[in-house]
Amino acid sequence: MYESDQIMEWLSQVPDPEIPVLTITDLGIVRDVDCSDGVTVSLTPTYSGCPATEAIEASVVAALEDRGVSDVRIKRVLSPAWTTDWISEDGRKKLRVYGIAPPERRDRPVACPRCDSSNTQVVSEFGSTACKASYRCIDCLEPFEYFKCL
Amino acid sequence: MSNRAIPATYATRLGDNALVLGQRMIELVAASPELEEELANANFSLDYIGQARMFYTYAGECEGGGRSEDDFAFLRPEHEYRNLLLVEQPNGHFGDSTVRALLFESWYVLLLEALTQCADEGIAAIAARAIKEVRYHLRHSSQWLVRLGDGTEESHARVQASLDKLWRFTGEMFVADELDDAMLNEFNGPDLAAIELQWQKNVAAFVAEAKLEQPGDQWMASGGKQGKHTEHFGFLLAEMQHLQRVYPGAEW
């Protein structure tokens, strides 16, 4: 029998395969851990087409099996749908340090992750992945990615 | 139809629309006019195929017969597909693909919005996930409609021709059949008549902003929901299903 806090602690070390500075708990996709019968981890996909969904599920199973948990099940939870509001404060800081501007509330300007200027401009709403838009900083001229609100 | 058969069949139809449009967009990979469009297109395609996977998986669960998402996608013949004729139309030039996406997505966001309120929890949950993505896709297709329509003389003429050519495939979106009625009456599903009014309004606004002319009332093609497809569809399926047909059960 495991404690769900212990499982959560182990899951907080599993990186997101696309943005490896973030863990899956930073992203807020671990919705529940149930230890009543084996270990069932409820995960919510970020985007329908996110190629990382299956890789994440496999790495959750692997991370727990490495620590001796044998009976791991993954439950995919669709509702409520994932939102960027679930990215933790810590996750937002890590994104900024990594060079990706974290999602902002809609009325706030996107700040450059390099020089923190709010004098920035959208280059394209449709960036390298569905979750990101391309921006540039008008002050320091840095091109950067912005993790869009969803 | 039994109670579970309605969501199963309806989810399959939703999956068909998403998969076929997603597959059409995949055909454009490495063929976009610029890098930014290449990425946008491929990412939209991933969203649609992801939605199709969720709808098919759910349809298989409702059926309870052990059909997997792959069985739905790769092992059904043409006449078992119930997607709209609009989404199977060839990519044509960039304006054709843009208009096809705009006409479909303008309808699909309204449909998904209604489905988030339906009484079938499985479909409502997938719709809630999908609608966030399709709103974003529609921003892309509508922005391009305006750029092309209100662009050069050449782009204006070509995208007007795309609109005139594809308009005939929009009628079928609003003709409710037995399944639509069952969804509406038994599961508080979408009311296609109400969606039609809103769609007309929204599309008219996009068309006006793009300085294009909305095509008038005309003969409308239909048959997709009955499994009667246009000739293009067989070629799409032949390519998409080739591997599973030649090597049954092949896996990654």
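Protein chains in written order, with the working numbering: chain A, 1 to 150; chain G, 1001 to 1252. We put the CB at the ideal spot given by N, CA and C, even for glycine. What you are looking at is a predicted structure, and each value in this text was computed from that prediction instead of being measured.
field: Residue from A:56, A:126, A:105 with nearest C-alpha to residue 29 (chain A)
entry: A:56
field: CB contact flag (residue 1066 (chain G), residue 1049 (chain G), <7 Å)
entry: no
query: So which residues on chain A does residue 1100 (chain G) lean against when the C-beta distance must stay under 7 Å?
result: Going along chain A, no residue has its Cβ under 7 Å from residue 1100 (chain G), so there is no contact; the nearest lies around 18 Å.
query: Counting only beta-carbon atoms, is residue 81 (chain A) nearer than 7 Å to chain G?
result: yes
Runs of beta strand (DSSP E) lying entirely within the segment 38–119 of chain A, each at least 3 residues, in chain order: 39–43, 72–76
Under 7 Å between C-beta atoms of residue 84 (chain A) and residue 103 (chain A): yes
query: Do residue 1225 (chain G) and residue 1082 (chain G) have their C-beta atoms closer together than 7 Å?
result: yes
query: How long is the line joining the alpha carbons of residue 11 (chain A) and residue 1217 (chain G), rounded to whole angstroms?
result: 58 Å
message: For chain G, check one thing: does any of its Cβ atoms lie closer than 7 Å to the Cβ of residue 64 (chain A)?
response: no
message: Residues of chain A with CB closer than 8 Å to the CB of residue 1123 (chain G), please, in chain order.
response: None at all; the shortest Cβ gap to chain A is about 10 Å.
task: Determine contact between the segment 1123–1143 of chain G and the segment 1108–1115 of chain G, defined as no fewer than three beta-carbon pairs at a distance below 8 Å.
output: yes
field: Secondary structure of residue 140 (chain A), DSSP reduced to three states
entry: coil
- prompt: Excluding sequence positions up to five away, which residues of its chain have a Cβ less than 8 Å from the Cβ of residue 114 (chain A)?
  reply: 99, 137, 140, 142, 144
query: What are the start and end residues of the alpha helix (DSSP H) that includes residue 1129 (chain G)?
result: 1121–1149
- request: Indicate whether the contact test is met: 3 or more Cβ pairs, each with one atom in the segment 1140–1157 of chain G and one in the segment 1077–1093 of chain G, closer than 8 Å.
  value: no
- prompt: Taking C-alpha atoms, which residue in A:13, A:129, A:146 lies nearest to residue 66 (chain A)?
  reply: A:13
message: Going by DSSP in three states, residue 1250 (chain G) sits in which element: helix, strand or coil?
response: coil
- prompt: Would residue 119 (chain A) be called buried (16 or more neighbouring beta carbons within 10 Å of its own) or exposed?
  reply: exposed
Any C-beta of chain G under 7 Å from that of residue 43 (chain A): no
- prompt: From residue 60 (chain A) to residue 1045 (chain G), what does the alpha carbon distance come to, in whole angstroms?
  reply: 27 Å
field: Extent of the continuous beta strand (DSSP E) run through residue 1067 (chain G)
entry: Run containing residue 1067 (chain G): none; DSSP gives neither H nor E here.
task: Report yes or no: is there a C-beta of chain A within less than 7 Å of the C-beta of residue 1221 (chain G)?
output: no
message: I'd like the list of long-range same chain contacts for residue 46 (chain A), defined as Cβ closer than 6 Å, with 5 residues on each side in sequence excluded.
response: 82
query: Do we get a CB-CB distance below 7 Å when we pair residue 1043 (chain G) with the residues of chain A?
result: yes
message: Please report the straight-line C-alpha distance between residue 23 (chain A) and residue 1080 (chain G), rounded to a whole angstrom.
response: 42 Å
message: Is the beta carbon of residue 1171 (chain G) closer than 7 Å to that of residue 1220 (chain G)?
response: yes
message: Using only the alpha-carbon positions, how far apart do residue 1063 (chain G) and residue 1193 (chain G) sit?
response: 29 Å
- request: Please compile the residues from chain G whose C-beta is within a distance smaller than 9 Å of the C-beta of residue 149 (chain A).
  value: Near residue 149 (chain A) there are no residues of chain G at all, since even the closest Cβ is about 10 Å away, more than 9 Å.
message: Only counting the same chain, and skipping five residues up and downstream in sequence, which positions put a Cβ closer than 8 Å to that of residue 1030 (chain G)?
response: 1038
- prompt: Which chain G residues sit within Cβ distance under 9 Å of residue 125 (chain A)?
  reply: 1040, 1136, 1139, 1140, 1143
- prompt: Mapping DSSP to helix, strand and coil, what is residue 1116 (chain G)?
  reply: coil
- prompt: Is it buried or exposed for residue 1041 (chain G), if we count other Cβ within 10 angstroms and need 16 for buried?
  reply: buried
query: Over what stretch of residues does the beta strand (DSSP E) that includes residue 21 (chain A) continue unbroken?
result: Note, residue 21 (chain A): premise wrong, no beta strand (DSSP E); not H, not E.
message: Nearer than 6 Å: is that true of the beta carbon of residue 1086 (chain G) relative to any heavy atom of the ligand FAD?
response: Judged by which ligands are present, the structure shown has none, so any question about the ligand FAD falls away.
- request: Please report the residue range of the alpha helix (DSSP H) in which residue 1168 (chain G) lies.
  value: Element bounds for residue 1168 (chain G): n/a, residue is neither H nor E.
message: Would residue 1115 (chain G) and residue 1123 (chain G) be called neighbours here (beta carbons separated by less than 7 Å)?
response: yes
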